[in-house]
Amino acid sequence: MNKYWVLSLLTFLSCSTEKKQTQSALTSNLPEEITVIFNSEGSEPLHITTPLTAEEIKENLVSDQNVNPNDTMKLALREKHQIIYMLYQFPEEYSIIVSAGDTIVVDANSDAGKISKLVKGKKHIINDIHQDVFDETPQRKTIEELFKKTRELKGDNKSEGIKSYIEASNKYYDNVRDSFLKADDYKARILADLVLVEQYIKLSGLNNKLRDTSLSKLLSSEKFISVANLNNRSLKPIFNFYNINNVISNPTKRTLAERYATDFEQFPSEIQEYFKYITIVQMVAQKYDRKTTIKYINAFKEDYGSNRGLEALMKNIEYTAVETDELKLIDETNGKETWSNLMKKWRGKVIYVDFWASWCSPCIAELPHSKKLSKEQKDVVFVYLALNDEETAWRRAIEKHQLKKHSYLITNSKSSNFISKYEINSIPRYMIIDKDGIINNPDAPRPSSTEINYLFTNLLKK
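As structure tokens, this is what we get:
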């Protein structure tokens with residue numbers, strides 16, 4: 413079974429201009445917790461995720477926690493028994509059920525039995541819970557074979573074949589789920605939820621390939637997309653997959669704004685609110701223009717009121733700020749400055765602008781090269797503009813990296829048209845301005861490049 417709890421992310425040599433959020437455990441007055449012991453000879457941390465309900469997402473709570481090698485951590489639970497997901501350098505993510513008071517040992521050095529529960533000083537190996545859900549029965553093999561055959565259907569046979577698979581799927585998964593529910597204990601109930609999750613993922617994968625009306629209708633039905641399921645953290649993957657297929661991806665080629673307006677009307681108000689909130693989150697993530705994003709934030713607030721998550725998004729896009737072409741800056745002494753004033757001050761000089769942030773590792777990696785370059789190119793003004801950074805973190809960074817000269821924090825990163833005009837969507841980003849104050853290269857080479865000295869030499873001759 414595919415592990416489904418996280419979206420695929422690509423790691424680039426540059427950072428998104430969105431500030432990286434500090435990861436922390438859930439800690440809001442929770443009486444229950446577990447202990448996690450992480451044994452590893454490597455340097456990579458263990459990543460732990462606890463699924464959030466829709467209400468917790470709107471409260472802007474985070475569910476991720478990193479445990480450093482050979483460290484012990486207390487992880488707060490939101491329920492006495494719940495699923496957590498663990499990712500290190502395993503072939504796949506591990507999904508386990510934990511209970512308040514458990515001590516979980518993760519041994520990255522072991523080839524087998526990587527995760528154990530410590531009971532009276534003895535380790536008891538814990539398997540991934542998906543190994544507990546499905547036995548390799550004849551019925552299991554039959555439904556798997558039928559799934560593969562249905563995926564390859566074409567032409568006139570497709571509609572009838574899909575209908576047959578839906579009937580067989582409902583029969584098989586409902587029977588497996590009922591067998592767990594009869595046990596009536598916390599683990600069985602969670603395993604029953606995972607049965608429903610797998611059925612949804614299978615049907616969703618089938619629909620992604622075949623694009624069938626009856627499948628689409630079933631995937632949006634109350635069996636899967638209901639208010640009760642929305643508030644069940646074990647069923648969160650269903651809503652993650654719905655978001656992936658209907659909000660984040662765009663098979664219909666319709667804009668997020670169009671989908672916000674019409675795509676969720678069939679659902680109860682609580683579910684509409686959740687999906688519309690996720691749609692606005694995607695508008696921000698996909699860098700919708702600020703005016704459009706504010707328009708839909710206002711529409712959401714009018715229909716559902718505000719929440720902490722929405723307020724964080726509003727802060728992120730500088731909701732109340734007036735748009736301007738200017739860059740507003742502060743320096744190390746908290747003195748206010750503007751980019752246009754600096755341009756007047758440095759007229760007649762070649763200027764090399766470094767857009768960076770304290771949280772951006774590739775940016776930091778380039779700083780030694782920048783310092784070396786500035787010593788070689790004494791006639792060039794090196795300017796460091798921190799983008800989407802927190803003031804306290806920025807001040808610590810300029811102190812640590814000795815960047816006090818010509819170093820400024822941009823205070824209107826989101827509302828400045830300068831940022832959108834030059835599409836400064838990722839950092840580090842560099843810009844060269846000539847002696848006449850004209851942007852000669854809006855996306856210049858990095859300080860570590862071999863080309864940068866050549867460009868400076870040519871401009872300084874003019």
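Quick note, the sequence shown lines up with residues 413 to 874 if you use the working numbering. Cβ atoms here follow ideal geometry from the backbone N, Cα and C, with glycine treated the same way.
Next item on the list: Go through the stretch 807-862 residue by residue and report every complete run of the alpha helix (DSSP H) that reaches 4 residues or more, in order.
Entry: Segments of the alpha helix (DSSP H) lying fully in the stretch 807-862: 829-833.
Check: Which whole-angstrom value describes the C-beta separation of residue 460 and residue 479, a residue pair presumed to lie in contact below a C-beta threshold of 8 Å?
Finding: Residue 460 sits at position 48 when you count from the first residue of the sequence shown. Residue 479 sits at position 67 when you count from the first residue of the sequence shown. Contact holds; Cβ gap of about 7 Å.
Notebook entry, point to check: For residue 662, does the three-state DSSP call read helix, strand or coil?
Noted result: As a first step, residue 662 must be located in the sequence shown, where it is residue number 250. Three-state DSSP puts residue 662 in coil, outside helix and strand.
Next item on the list: Report the rounded CA-to-CA distance for residue 835 versus residue 693, giving the unit in angstroms.
Entry: As a working note, residue 835 is residue 423 in the sequence shown. As a working note, residue 693 is residue 281 in the sequence shown. Each residue's Cα considered, the two are about 20 Å apart.
Notebook entry, point to check: For the candidate residues 485, 526 and 539, whose alpha-carbon lies nearest to that of residue 513?
Noted result: For the purposes of this step, residue 513 is identified with residue 101 of the sequence shown, where counting begins at 1. Answer by Cα proximity: 485.
Item checked: Unbroken stretches of the beta strand (DSSP E), 3 residues or longer, contained in the stretch 475-517 -> 476-479, 483-488, 493-499 and 506-511
Next item on the list: Could you tell me whether the Cβ atoms of residue 804 and residue 740 are closer together than 7 Å?
Entry: Locating residue 804 in the sequence shown gives position 392, counting from the first residue. Locating residue 740 in the sequence shown gives position 328, counting from the first residue. Not closer than 7 Å, so no.
Check: Between which two residues does the alpha helix (DSSP H) carrying residue 771 extend?
Finding: Taking the sequence shown and counting its residues from 1, one reaches residue 771 at position 359. Judged by DSSP secondary structure, residue 771 falls outside any alpha helix (DSSP H); it is assigned neither H nor E.
Check: If we ignore side chains and look at the alpha-carbon of each, how far apart do residue 773 and residue 813 end up?
Finding: Locating residue 773 in the sequence shown gives position 361, counting from the first residue. Locating residue 813 in the sequence shown gives position 401, counting from the first residue. The straight-line gap from Cα to Cα measures roughly 13 Å.
Next item on the list: Assign residue 573 to buried or exposed, taking buried as 16 or more other Cβ atoms, counted over all protein chains shown, within 10 Å of its Cβ.
Entry: For the purposes of this step, residue 573 is taken as residue 161 along the sequence shown, with counting starting at 1. With 16 or more other Cβ atoms within 10 Å, it is buried.
Next item on the list: List in chain order: all unbroken alpha helix (DSSP H) runs of 4+ residues lying wholly within the stretch 534-586.
Entry: 542-545 and 550-563
Next item on the list: Work out the CA separation of residue 854 and residue 870 for me, nearest whole Å.
Entry: On the sequence shown, residue 870 is found 458 positions in, with the first residue counted as 1. On the sequence shown, residue 854 is found 442 positions in, with the first residue counted as 1. A direct Cα-Cα distance of roughly 16 Å separates residue 870 from residue 854.
Next item on the list: Return the Cβ separation of residue 846 and residue 762 in integer angstroms, given the expectation that the two are a contact with Cβ distance under 8 Å.
Entry: The residue given as residue 846 occupies position 434 in the sequence shown. The residue given as residue 762 occupies position 350 in the sequence shown. Correct: roughly 6 Å between the Cβ atoms.
Checklist line | Candidates 542, 768, 806 and 801, of which the one nearest residue 795 by Cα | finding: The residue labelled residue 795 in the question sits at position 383 within the sequence shown. Considering only 542, 768, 806 and 801, the residue with the shortest C-alpha distance to residue 795 is 768.
Next item on the list: Sort 532, 729 and 543 by Cα distance to residue 505 and report the nearest one.
Entry: By one-based count along the sequence shown, residue 505 stands at place 93. Its Cα nearest to that of residue 505, the residue 543 stands out among 532, 729 and 543.
Next item on the list: With DSSP as the reference, label residue 464 as helix, strand or coil.
Entry: Counting from 1 along the sequence shown, the entry for residue 464 is found at position 52. DSSP, read as helix, strand or coil, puts residue 464 in coil.
Check: What is the DSSP secondary structure of residue 438, counted as helix, strand or coil?
Finding: As a working mapping, residue 438 is identified with position 26 in the sequence shown. Since pLDDT at residue 438 reaches only 40, below the 50 mark, its modelled position is unreliable, and the value read off the structure follows with that caveat. Note: residue 438 maps to coil in three-state DSSP.
Check: Can you tell me where the alpha helix (DSSP H) with residue 879 in it begins and where it stops?
Finding: This structure leaves residue 879 out entirely; the chain is present only between 413 and 874.
Next item on the list: Starting from the C-beta of residue 865, find all residues in its chain whose C-beta is less than 8 Å away, skip the five residues before and the five after it, and write them out in chain order.
Entry: Along the sequence shown, read from residue 1 onward, the residue named residue 865 stands at position 453. Leaving aside the five residues that flank residue 865 on each side, the residues in its chain whose CB is nearer than 8 Å to its CB run, in chain order, 785, 788 and 789.
Check: Buried or exposed: which applies to residue 527, given that a residue is buried once 16 or more other Cβ atoms fall within 10 Å of its Cβ?
Finding: For the purposes of this step, residue 527 is taken as residue 115 along the sequence shown, with counting starting at 1. So residue 527 ends up on the buried side.
Margin query: By the DSSP assignment, the beta strand (DSSP E) with residue 796 in it spans what residues?
Written below: Your numbering for residue 796 matches position 384 in the sequence shown. Element bounds for residue 796: 792-798.
Next item on the list: Please go through the same chain and pick out, in chain order, the residues whose beta-carbon is closer than 8 Å to the beta-carbon of residue 578, but skip the five residues on each side of it.
Entry: Position 166 of the sequence shown, counted from the first residue, corresponds to residue 578. 615, 626, 627 and 630, listed in sequence order.
Check: Excluding the five sequence neighbours on either side, which residues of its own chain have a C-beta within less than 6 Å of the C-beta of residue 433, listed in chain order?
Finding: Your numbering for residue 433 matches position 21 in the sequence shown. Because the pLDDT of residue 433 is 46, which lies under 50, any placement of that residue in the model is unreliable, and the number read from its coordinates should be weighed accordingly. Excluding sequence neighbours, residue 433 sits near nothing in its chain.
Next item on the list: Inspect the CB distances between the stretch 450-464 and the stretch 630-642 and report whether three or more fall short of 8 Å.
Entry: no
Next item on the list: For residue 501, count neighbouring C-beta atoms within 10 Å of its own C-beta (all shown protein chains included) and say buried if the count is 16 or more, exposed if not.
Entry: Within the sequence shown, numbered from 1, the residue matching residue 501 stands at position 89. Under this definition residue 501 is an exposed residue.
Notebook entry, point to check: Cβ of residue 535 within 6 Å of any heavy atom in the ligand SAH?
Noted result: Among the ligands in the structure shown, none appear at all, so the ligand SAH cannot be discussed.
Margin query: I'd like to know if the stretch 487-494 and the stretch 552-560 are in contact, where contact means that at least 3 CB-CB pairs between them fall below 8 Å.
Written below: no
Item checked: residue 734 - DSSP class collapsed to helix/strand/coil -> Within the sequence shown, residue 734 is the residue found at index 322, counting from 1. Residue 734 falls in the coil class under three-state DSSP.
Next item on the list: Report back the beta-carbon spacing between residue 686 and residue 642 to the nearest angstrom; my notes put them in contact at under 8 Å.
Entry: The sequence position of residue 686 within the sequence shown is 274, counting from 1. The sequence position of residue 642 within the sequence shown is 230, counting from 1. With 8 Å as the limit, residue 686 and residue 642 qualify as a contact, their Cβ atoms being about 6 Å apart.
Notebook entry, point to check: Alpha carbon to alpha carbon, how far is residue 538 from residue 448?
Noted result: Walking along the sequence shown from the start, residue 538 turns up at place 126. Walking along the sequence shown from the start, residue 448 turns up at place 36. Each residue's alpha carbon lies about 13 Å from the other.
Checklist line | Opposing strand residues paired with residue 762 [DSSP bridges] | finding: Within the sequence shown, numbered from 1, the residue matching residue 762 stands at position 350. According to DSSP, residue 762 bridges with 792.
Notebook entry, point to check: residue 776 to residue 807, Cα distance in whole Å?
Noted result: The residue you call residue 776 lines up with position 364 of the sequence shown. The residue you call residue 807 lines up with position 395 of the sequence shown. Straight-line Cα distance between these residues: approximately 14 Å.
Notebook entry, point to check: Can you list, in chain order, the residues of its chain whose CB lies under 6 Å from that of residue 592, leaving out five sequence neighbours each side?
Noted result: For this step, residue 592 is matched to residue 180 along the sequence shown. Contacts found: 600, 603 and 604.
Check: For residue 779, which residues from the same chain have a beta carbon less than 6 Å from its beta carbon, with the 5 sequence-adjacent residues on both sides left out?
Finding: On the sequence shown, position 367 is the one that residue 779 refers to. These residues qualify, in order along the chain: 813.
Next item on the list: Measure from the alpha carbon of residue 791 to the alpha carbon of each residue in 760, 828 and 718, then state which is nearest.
Entry: As a first step, residue 791 must be located in the sequence shown, where it is residue number 379. Among 760, 828 and 718, the Cα nearest to that of residue 791 is on 760.
Check: Are the beta-carbon atoms of residue 874 and residue 729 separated by less than 7 Å?
Finding: In the sequence shown, residue 874 corresponds to position 462, counting from 1. In the sequence shown, residue 729 corresponds to position 317, counting from 1. Here residue 874 is not near residue 729, since their CB atoms are 7 Å or more apart.
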